[in-house]
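Right, one structure below, let's go through it.
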Amino acid sequence: MADTAADPFADARVLTARRLSGGYTWAECPRWHDGALWLSDMYAHRIVRLDDDGTPHTVVDLSLRTSADGTEVIPGGFGWLPDGRLIVTSMHERLVLAFDGERLTEHADLRPLASGPVNDMVVDGDGRAYVTQLGFELFQGEEPRDSPLLAVEPDGTAHALTDLGGMSGANGIAITADGRRVLTAEAFANRITVLDRDEHGRLDNRRVFAPTPSLPDGICLDDDGGVWAGMPGVPAVARFTEGGTVTDLVPFDATQALPPACVLGGTDRRTLYICAGLDVLDWQESRRNRRGTIWQVPVQATGGANRP
Numbered sequence: 034m035a036d037t038a039a040d041p042f043a044d045a046r047v048l049t050a051r052r053l054s055g056g057y058t059w060a061e062c063p064r065w066h067d068g069a070l071w072l073s074d075m076y077a078h079r080i081v082r083l084d085d086d087g088t089p090h091t092v093v094d095l096s097l098r099t100s101a102d103g104t105e106v107i108p109g110g111f112g113w114l115p116d117g118r119l120i121v122t123s124m125h126e127r128l129v130l131a132f133d134g135e136r137l138t139e140h141a142d143l144r145p146l147a148s149g150p151v152n153d154m155v156v157d158g159d160g161r162a163y164v165t166q167l168g169f170e171l172f173q174g175e176e177p178r179d180s181p182l183l184a185v186e187p188d189g190t191a192h193a194l195t196d197l198g199g200m201s202g203a204n205g206i207a208i209t210a211d212g213r214r215v216l217t218a219e220a221f222a223n224r225i226t227v228l229d230r231d232e233h234g235r236l237d238n239r240r241v242f243a244p245t246p247s248l249p250d251g252i253c254l255d256d257d258g259g260v261w262a263g264m265p266g267v268p269a270v271a272r273f274t275e276g277g278t279v280t281d282l283v284p285f286d287a288t289q290a291l292p293p294a295c296v297l298g299g300t301d302r303r304t305l306y307i308c309a310g311l312d313v314l315d316w317q318e319s320r321r322n323r324r325g326t327i328w329q330v331p332v333q334a335t336g337g338a339n340r341p
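Every position in the sequence shown, counted from 1, becomes a number in this note's numbering once 33 is added.
Set out below in structure tokens:
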């Protein structure tokens, strides 16, 4: 057996992804919904849906929105309410917006609760959303500080989950198929955290699911108990089991793609779709270069009914 203390990926099954699509700014927050891949093309201010061949179609154009406070309208995590409306975080406005197919409206105001940009989001079957936040102004060079998860009830009322303590740059977030656990990537603590969830959506019993060898970003879950995490600093996507074992690794060339996020999709949800890019902190450079790409690779485990 290889020395996994020296190389945490030494025993991992190595998978090779194939490029599916390109031309995005910074591609993030992929979702599998209604038989198609969706994602946030963040600095192009849009949410797109991809055809099977990778052709993107803009579904939500956030560039048409007048910002609440003069900041750019940058989409982050998104999901769907039981009535079919899409909801999405507007990261720097610190709002959750709802799209009914024609109009964007305000679903939840997180400004009283969020100390920095809001980030990713997962929506449960009742329409309750769990939102991660950076907790500080990353793009203005502030130092990281812990901040709580936020919850948005189906009616749009919101509250901070302060009883769980502060998270260190909570990023990707997911709900298990049985609804009993929520997992999130604490980016600046290099760990994936798990919480128990009751039938009313309340979270408790925070603990470490797995330490990670590099900053974890977006995550998705499979039915075999694995957590797939984008790690742009490696750069790779890795599958972790509880305790921190890495079973699978999808490596990338750092000159071509840094992968922040992934989701399981396809007809049986055994295809791992990966968002990647090269220009995350410089928005204008990202728009000029459009080096964001989407990749895919078949995997053994299915995404099942896990969210997203």
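In this text, a Cβ means the ideal position worked out from N, Cα and C, and glycines have one as well.
Between residue i and residue j, how many whole angstroms is the CB-CB distance? I'm expecting something under 8 Å.
i, j, result
"Asp153", "Cys253", "The Cβ separation is near 11 Å, so there is no contact."
"Val279", "Phe42", "5 Å"
"Ala220", "Gly202", "4 Å"
"Val121", "Leu114", "11 Å between Cβ atoms; not a contact."
"Pro268", "Asp250", "About 10 Å; that fails the 8 Å criterion."
"Ala243", "Gly205", "Not quite, the Cβ-Cβ distance comes to about 13 Å (not below 8 Å), so this is no contact."
Buried or exposed, going by whether 16 or more other CB atoms sit within 10 Å of the CB of residue i?
i, result
"Ala222", "buried"
"His125", "buried"
"Met34", "Confidence at Met34 is low in this model, with a pLDDT of 41, below 50, so the placement of that residue should be treated as unreliable; the coordinate-derived value is given next. Burial call: exposed."
"Arg302", "buried"
"Val47", "exposed"
"Pro145", "exposed"
"Asn322", "exposed"
"Thr226", "buried"
"Gly336", "buried"
"Leu314", "exposed"
"Arg272", "buried"
"Asp85", "exposed"
"Ala334", "buried"
"Thr104", "exposed"
"Asp196", "exposed"
"Arg224", "buried"
"Tyr306", "buried"
"Asp281", "buried"
Less than 8 Å separating the beta-carbons of residue i and residue j?
i, j, result
"Ser180", "Gly198", "no"
"Asn339", "Thr209", "yes"
"Val296", "Val283", "no"
"Arg378", "Ala147", "With the chain represented from 34 up to 341, any question about residue 378 goes unanswered, as that position is not in the structure."
"Ala141", "Arg320", "no"
"Leu194", "Gln166", "no"
"Phe132", "Leu119", "yes"
"Phe27", "Pro292", "Since the first residue of the chain shown is 34 and the last is 341, residue 27 is not available in this structure."
"Asp157", "Gly234", "yes"
"Gly117", "Ser73", "no"
For residue i, verify whether its CB is less than 7 Å away from any heavy atom of the ligand GTP.
i, result
"Ala220", "For the ligand GTP, the structure offers nothing, since it holds no ligand at all."
Below 7 Å CB to CB, which residues in the same chain sit around residue i once its five sequence neighbours on both sides are set aside?
i, result
"Ile87", "Per the sequence shown, residue 87 should be read as Gly rather than Ile. These residues qualify, in order along the chain: Leu53, Ser54 and Ile327."
"Asn238", "Leu228 and Asp229"
"Arg213", "Asp229 and Arg230"
Leaving aside the five residues before and after residue i along the sequence, list all residues of the same chain whose C-beta is less than 8 Å from its C-beta, in chain order.
i, result
"Ala207", "Val155, Val215, Leu216, Thr217, Ile252, Cys253, Leu254, Val260, Asn339, Arg340 and Pro341"
"Arg51", "Trp328, Gln329 and Val330"
"Asp94", "His78 and Arg79"
"Trp71", "Pro63, Arg64, Trp65, Ile80, Val81, Arg82, Leu83, Val92 and Phe111"
"Asp40", "none"
"Ala162", "Gly112, Ile120, Val129, Ala141, Met154, Val155, Val156, Ala184 and Val185"
"Thr304", "Leu297, Gly298, Gln329, Val330, Pro331 and Val332"
Within a Cβ cutoff of 6 Å, which residues of the same chain sit near residue i, ignoring the five residues on either side of it in sequence?
i, result
"Gly325", "Tyr57, Thr58, Trp59, Ala60 and Gly310"
"Thr91", "Arg79 and Val81"
"Arg98", "Val106 and Leu137"
"Pro150", "Met124, His125 and Leu167"
"Gly189", "His140 and Ala141"
"Ala290", "Ala309 and Thr326"
"Gly160", "Leu114, Pro115 and Pro187"
"Glu318", "Asp312"
With a cut-off of 8 Å, does the C-beta of residue i fall near any C-beta of chain D?
i, result
"Met75", "The structure shown contains no chain D; it holds only a single protein chain."
Using 8 Å as the Cβ pair cut-off and three pairs as the minimum, do the segment 43–57 and the segment 244–264 touch? no
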